[in-house]
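First up is the structure itself, then whatever we jot down about it.
Number of protein chains: 2
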Amino acid sequence: MSSEELRVKSAGTMFDVVDAIKELDEPTVTNIAEHIGVPKSTAHDHLTTLTDLDLAVADADGYRIGARFLEYGGYARENMPVFRVARPVVKRLATETGEHANLGMEEHGLAVFLYKSKGEDAVTIDTHSGMRVPVHTTAMGKAILAHHSREYVEAIVGEHGLPRINENTITDRETLYEEFERIRERGYATDDGERVDGMRCVAAPIFDENDDVLAAVSVSGPASRMHDDRLKNDLPQRVKSAANVIEVNLKYS
Amino acid sequence: MSSEELRVKSAGTMFDVVDAIKELDEPTVTNIAEHIGVPKSTAHDHLTTLTDLDLAVADADGYRIGARFLEYGGYARENMPVFRVARPVVKRLATETGEHANLGMEEHGLAVFLYKSKGEDAVTIDTHSGMRVPVHTTAMGKAILAHHSREYVEAIVGEHGLPRINENTITDRETLYEEFERIRERGYATDDGERVDGMRCVAAPIFDENDDVLAAVSVSGPASRMHDDRLKNDLPQRVKSAANVIEVNLKYS
DNA sequence: TCTGGCGTTGGGTAATACCGAATGATTAAT
DNA sequence: ATTAATCATTCGGTATTACCCAACGCCAGA
């Protein structure tokens, strides 16, 4: 997990513990110790430390992640200019389309959901704000990567690869680069069930004043409602327009 | 800052660094080192580690908190049963009142905003989800504390005190306990500009099946609109009803 | 070219993260 | 009531490392 050589090594095990809490769902000390392969006492050391720092909480059934992470997360988000500006626009996009509208960015080679707004008809969906997914499996991620240099993309692919999530995932480098070209031509990206079966998304990139891509907005919904015409005409127009509004507002903020 | 004796001491300095990033707004290595009183090299060690772990990002102007915190925060929130159930109810409360509606809980002696929904007329407000504030300065915090044992409250006050935020803050133990009694009688708590001048809030506690208090819902708005009648009749009723709906839904989930 | 401020690197050492083993605490089973 | 089993917790030794100092390299601006 934390195989890389970290300068402060204990931080690696500490976040192995945090990840274990996340993955195991209300685990006990012993559970965690076994999961990450350390003695109980070590896990205990880290868990008490995390608890003292308000980063974990010992509940009746086991440990859970502390609300202090919410504070840091909220702060991280609130301090991104693009988030402040984009939030109302994304919200409106959700209202207008009735589907889920999202704001996302790329960080450390992963696509991060910064904000999600739920439209009237939106189906339940597995994403939540803060969630991180492989870039190549989302319309947002592809919209962003398409506007980065080839070296930039290669570095990410080199580190994370192109893992297959389901049968529609693009796992071939060349196919991906061809898709990027189409995305640049059309000005928007799509995801046709490439991460979640039956879900289709449309995304448009957001640029800063130097034409560097900052983030992306997207709309996602079930294939039953996201028929071809809507996916290729109405929604791209709306999503691109939303991205444009965000860009303009960014310039004057 | 991290004066307590931690089992994993380096975690203390690590989160001193994280807090420094938060407080200083895009600081450099040197800024951070000075702020927390360690050599540059130490700050650098922690910052590179944080960056390797995706917990911090080196931007053009300096460091900022990484989006991985968003992931943990989102996860912490999504895994609280009360949050899932309460979200739609709080959203509706915001729509109906036109003001800000909030969901909050107490953790480690601080009030945590879990969710905030913005009504039509809502003014800009300094809170954001994940934010933590002294319990005694919010209606939500008081609604929760009023239904805890005296020892529980004493422990919190002993650790955090009753810091004065503005001229309306309750800083006297006895005054606070008297207010708690009133809160228990009426079934709701108020905040009359005790944290932010000119802001008034109404909050109601949410109980679990054992009548232990879990969280609280609140509505907050500018004093100009939150006149006495609304503050003491209409809103308490709405907030209490919302809390009740959440309680019922919690039982069957 | 020089100077000042920055981030970065490397290595020594005092401090500690990690571990094994023993001890409590709790619950279930006999 | 007694035992057994499983959990969290405590404690102290030691190999490891977090921390620091000092030196270096880099870039602007003078």
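Residue numbers (full-length UniProt numbering), protein chains in the order written: chain V, 1 to 253; chain S, 1 to 253.
Where a beta carbon is used, it is the ideal one built from N, C-alpha and C, also for glycine.
So is residue 22 (chain S) in contact with chain V if we call contact Cβ pairs under 8 angstroms?
Yes, residue 22 (chain S) lies at the interface with chain V (some Cβ there is under 8 angstroms from its Cβ).
Straight-line Cα distance separating residue 84 (chain S) from residue 78 (chain S)
Taking the straight line joining both Cα atoms gives about 7 angstroms.
Using 8 angstroms as the Cβ pair cut-off and three pairs as the minimum, do the region 50-62 of chain V and the region 32-50 of chain S touch?
No: the two stretches stay apart, fewer than three of their Cβ pairs being nearer than 8 angstroms.
Output yes if chain S places a C-beta closer than 8 angstroms to the C-beta of residue 129 (chain V); else output no.
By this cut-off, residue 129 (chain V) is an interface position.
C-beta neighbour in chain V for residue 60 (chain S), strict 8 angstroms:
For residue 60 (chain S), not one C-beta of chain V is nearer than 8 angstroms to its own C-beta.
Neighbour flag for residue 79 (chain V) against chain S, beta carbons, 8 angstroms
Chain S contact via Cβ: present.
Using the C-alpha atoms, what's the distance from residue 162 (chain V) back to residue 138 (chain V)?
Rounded to whole angstroms, residue 138 (chain V) to residue 162 (chain V) spans 12 angstroms at the Cα level.
Name the one or two DSSP bridge partners that residue 242 (chain V) has.
DSSP lists no partner for residue 242 (chain V).
If I'm right that residue 74 (chain S) touches residue 73 (chain V) with Cβ under 8 angstroms, what's the distance once you round it to whole angstroms?
A Cβ-Cβ separation of about 7 angstroms places residue 74 (chain S) in contact with residue 73 (chain V) under the 8 angstroms criterion.
By how many angstroms is the C-alpha of residue 173 (chain V) removed from the C-alpha of residue 10 (chain S)?
Our two residues, residue 10 (chain S) and residue 173 (chain V), have alpha carbons roughly 41 angstroms apart in a direct line.
So residue 140 (chain S) contacts chain V; which residues on that side make the cut at Cβ distance below 7 angstroms?
Taking a Cβ-Cβ threshold of 7 angstroms, none of the residues of chain V is close to residue 140 (chain S); the smallest such distance is about 13 angstroms.
Once you ignore the five residues that flank residue 27 (chain S) on each side, which residues in its own chain have a CB closer than 8 angstroms to its CB?
Hits under 8 angstroms: 20, 21, 35, 62 and 63.
Checking contacts by CB at 8 angstroms: is residue 132 (chain S) closer than that to chain V?
Cβ-Cβ to chain V under 8 angstroms: yes for residue 132 (chain S).
Per DSSP, the bridge partner or partners of residue 115 (chain S)
Paired residue(s): S:103.
Interface residues of chain V facing residue 198 (chain S) [CB-CB closer than 8 angstroms]:
Within chain V, no residue comes near residue 198 (chain S); the closest Cβ sits about 22 angstroms away, beyond 8 angstroms.
Give the DSSP-derived three-state secondary structure of residue 3 (chain S) in the structure shown.
Summary for residue 3 (chain S): the model assigns pLDDT 44, below 50, so the residue's position carries little reliability; its value from the coordinates is reported in the next sentence. When DSSP states are grouped into helix, strand and coil, residue 3 (chain S) belongs to the coil group.
Helix, strand or coil at residue 226 (chain S) according to DSSP, with G and I counted as helix:
Secondary structure of residue 226 (chain S) (DSSP, three-state): coil.
Does any C-beta atom of chain S lie closer than 8 angstroms to the C-beta of residue 15 (chain V)?
By this cut-off, residue 15 (chain V) is an interface position.
Does the beta-carbon of residue 191 (chain V) have 16 or more other beta-carbons within 10 angstroms, so that it is buried, or is it exposed?
Buried, by the Cβ-count rule.
Please identify the residue among V:245, V:236, V:142 and V:199 whose C-alpha is closest to the C-alpha of residue 224 (chain V).
Proximity to residue 224 (chain V) across V:245, V:236, V:142 and V:199 peaks at V:199, based on C-alpha coordinates.
In whole angstroms, what is the alpha-carbon distance linking residue 37 (chain V) and residue 208 (chain S)?
Spanning the two alpha carbons is a distance of roughly 36 angstroms.
Just to confirm my understanding: we take residue 43 (chain S), look at its own chain, exclude 5 residues before and 5 after, and list those with CB closer than 7 angstroms. What are they?
Excluding sequence neighbours, residue 43 (chain S) sits near 17, 29, 32 and 33.
Given that residue 71 (chain V) touches chain S, what residues does it touch there, using C-beta distances under 8 angstroms?
Within chain S, the residues near residue 71 (chain V) are 73, 112, 130, 131 and 132.
Within chain V, partners of residue 7 (chain S) - CB distance below 7 angstroms
For the C-beta of residue 7 (chain S), the chain V residues within less than 7 angstroms are, from N- to C-terminus, 45, 48 and 49.
Presumed contact (8 angstroms Cβ cut-off) between residue 240 (chain S) and residue 187 (chain S), rounded CB distance:
Between residue 240 (chain S) and residue 187 (chain S), the beta carbon gap of about 6 angstroms places them in contact (Cβ cut-off 8 angstroms).
Where does residue 216 (chain S) land, buried or exposed, given buried means 16+ other C-beta within 10 angstroms?
Residue 216 (chain S) counts as buried, since no fewer than 16 other beta carbons sit within 10 angstroms of its beta carbon.
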